[in-house]
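Residue numbering for the sequence shown follows this note's numbering, beginning at 37 and increasing consecutively.
We put the beta carbon where it would ideally sit given N, CA and C, even for glycine.
Quick notes on the structure that follows.
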Amino acid sequence: MSLKYNKILLKLSGEALCGDQSYGIDPAKAKYQAGEIKEVVDLGVQVGIVIGGGNIIRGLSAASEGLDRVSADYMGMLATVINSLALQDALENIDIQTRVLTAIDMREVAEPFIRRRATRHLEKGRVVIFAAGTGNPYFTTDTAASLRAIEIEADILVKGTKVDGVYSADPLEDPNAERYETLSYLDILKQGIKVMDATSVSLCMDNNLPILVYNLTEPGYLKRIVQGEKIGTLVEEAADA
Ligand code: UDP
37 MSLKYNKILL KLSGEALCGD QSYGIDPAKA KYQAGEIKEV VDLGVQVGIV IGGGNIIRGL
97 SAASEGLDRV SADYMGMLAT VINSLALQDA LENIDIQTRV LTAIDMREVA EPFIRRRATR
157 HLEKGRVVIF AAGTGNPYFT TDTAASLRAI EIEADILVKG TKVDGVYSAD PLEDPNAERY
217 ETLSYLDILK QGIKVMDATS VSLCMDNNLP ILVYNLTEPG YLKRIVQGEK IGTLVEEAAD
277 A
């Protein structure tokens, strides 16, 4: 079967790793995500991953509780390294070769991020997890995902969430909320749709990188997406733009 996407950057929020408790790492969730990723690796898709740190600490909310913002952001970036190591472990447990590359140097733990090295790992069929965000405070891991996707020349940024795509309202609260099949970058920016922050969306817009928002709790969705099935919400340039 032919593939629609040969190289993807998968963005998972830190919450993808925590179970019903909203904090920490549930090994069963890491195992489930690893299984979903294995399905696309087995098809020959090159997979880069950015995982957030929200299940451990978010800079903005920690700062609102009195922590210095920059320190809190560095703590958030370190949280993404913890999550990356958890996901690497789960992937290696099912024999998927995985490398963690960090934007903040910590050689005893992971390789430093070097774009050419990342590309080489991907060509060899290894999954590459980009940890520590962009390495800079005041950014999010969504922006790190957009940046890394562009750097590795991914075909698409696939963002996993807990709902089936982007809705006109929160579907968990409003029964009349409708799911968009497609959206333009400007729709998101103008309407302030909360799917990714404006910095990450505009980075994708400027570099023409499509974004696909899907439900990461649905088994098999990731595989069906790379095979070209219409799932979730696709964000790209408006047809008449
Ligand atoms: N962060 C940062 N710079 C980056 C990426 C992340 O400062 O380039 C910090 C920021 O404080 C953020 C935290 O790391 O709140 C965790 O990332 P994020 O909130 O994006 O995680 P997610 O919501 O995806 O789990």
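Distance, residue j Cα to residue i Cα
i       : j       : result
Ala-146 : Ala-122 : 13 Å
Leu-286 : Leu-239 : Since the first residue shown for the chain is 37 and the last is 277, residue 286 is missing from the structure and cannot be characterised.
Ala-126 : Ser-220 : 35 Å
Gly-95  : Asp-178 : 14 Å
Tyr-41  : Val-262 : 5 Å
Asp-141 : Ala-167 : 10 Å
Glu-273 : Pro-246 : 8 Å
Asp-186 : Thr-170 : A small correction: the amino acid at residue 186 is Ile; Asp does not occupy that position in the sequence shown. Straight-line Cα distance between these residues: approximately 13 Å.
Ser-58  : Leu-258 : 23 Å
Asp-104 : Val-199 : 33 Å
Lys-67  : Val-249 : 21 Å
Ser-38  : Arg-153 : 27 Å
Leu-45  : Pro-207 : 26 Å
Gln-63  : Ile-188 : According to the sequence as given, residue 63 is Pro; it is not Gln. Cα-Cα distance, rounded: 29 Å.
Glu-101 : Ile-224 : 29 Å
Lys-65  : Gly-161 : 23 Å
Glu-128 : Ala-213 : 39 Å
Thr-176 : Ala-234 : 10 Å
Gly-84  : Arg-260 : 18 Å
Arg-156 : Gly-196 : 25 Å
Gln-227 : Arg-215 : 15 Å
Leu-79  : Asn-244 : 25 Å
Beta-carbon separation (whole angstroms), residue i vs residue j, contact threshold 8 Å
i       : j       : result
Asn-119 : Ile-150 : Asn-119 to Ile-150, Cβ: 21 Å. No contact.
Ala-70  : Ile-165 : Between Ile-165 and Ala-70 the Cβ distance is about 11 Å, and since that is not below 8 Å, they are no contact.
Gly-264 : Asn-251 : That belief does not hold up - the Cβ atoms of Gly-264 and Asn-251 are roughly 17 Å apart, past 8 Å.
Pro-255 : Glu-144 : Actually they do not touch by this definition, with Cβ atoms about 36 Å apart.
Ala-115 : Ile-92  : 4 Å
Val-202 : Val-163 : So it is not a contact: roughly 26 Å between Cβ atoms.
Any non-hydrogen atom of the ligand GTP within 7 Å of residue i CB
i       : result
Gly-228 : As for the ligand GTP, it is missing from this structure, which binds only the ligand UDP.
Nearest candidate by alpha-carbon position, reference residue i, set the options
i       : options                            : result
Ala-108 : Arg-156, Gln-124, Ala-98           : Ala-98
Met-111 : Tyr-174, Leu-208, Asp-56, Val-77   : Tyr-174
Lys-43  : Tyr-203, Leu-158, Gln-124          : Leu-158
Val-282 : Gly-228, Lys-259, Leu-258, Glu-217 : Here the chain comprises residues numbered 37 to 277, so residue 282 is not present and cannot be evaluated.
Met-241 : Lys-226, Leu-222, Gln-227          : Leu-222
Gly-55  : Gln-227, Thr-253, Arg-260          : Thr-253
Asn-172 : Met-113, Gly-228, Lys-226          : Met-113
Ile-229 : Ala-205, Lys-266, Asp-78           : Ala-205
Val-237 : Ala-180, Gly-60, Val-106, Glu-214  : Ala-180
Ile-61  : Glu-75, Gln-124, Lys-74            : Gln-124
Checklist entry - For the 8 Å Cβ check, are there 3 or more pairs between the stretch 85 to 101 and the stretch 47 to 62? => result yes
Checklist entry - Contact between the stretch 132 to 141 and the stretch 185 to 195: three or more CB pairs below 8 Å? => result no
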